[in-house]
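Under numbering that gives the first Met the number 0, the first residue of the sequence shown is numbered 0, with each subsequent residue one higher.
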Amino acid sequence: MMLVQVGLSSLLILTRMIYYAYYILGPTLTGYNKMIGSFLMSFTTLLYYANYSKSFYIYTLSSQLFRSIFIERIKEILYITRTIHNRYSI
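Below, the structure is given as structure tokens:
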């Protein structure tokens with residue numbers, strides 16, 4: 000589990016670092032290349048911030064215990080929501 004997280008974190012952070020280094024140190028972009036560069040900057044920024052939410056998805060996909068507890072909590076929330084809704088319905 001830890002190896003998967005470290006590998007995914009490295010991949011998500013390194014893509015941003017590599018493109019940002021190219022953006023700063025590379026040639027000045029113009030026209031179509033500037034548009035592609037802007038897209039890549041936005042995309043790598045999105046990947047960089049996805050690093051902070053990856054743990055939830057990794058644990059949900061790989062851990063049976065985490066999935067079962069997560070599903071139980073969702074069922075409890077739905078039950079409470081239905082109870083409140085039924086209590087205050089006209």
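Virtual Cβ for every residue (Gly too), placed ideally from N, Cα, C.
Model, not experiment: these values are computed from the prediction.
For the pair residue 14 and residue 51, the CB atoms are not nearer than the 9 Å cut-off. For residue 85, the enclosing alpha helix (DSSP H) stretches over residues 63 to 86. Contact between residue 69 and residue 59 holds: CB atoms are separated by about 6 Å, below the 8 Å threshold. Only residues of its own chain outside the window of five on either side were considered, and among them 15 have a CB closer than 7 Å to the CB of residue 44, listed in chain order. With respect to residue 11, residue 53 sits close: the two C-beta atoms are nearer than 9 Å.
The three-state reading of DSSP puts residue 32 in helix, counting H, G and I together.
Residue environment analysis places residue 78 among the exposed positions, since fewer than 16 neighbouring C-beta atoms fall within 10 angstroms of its C-beta.
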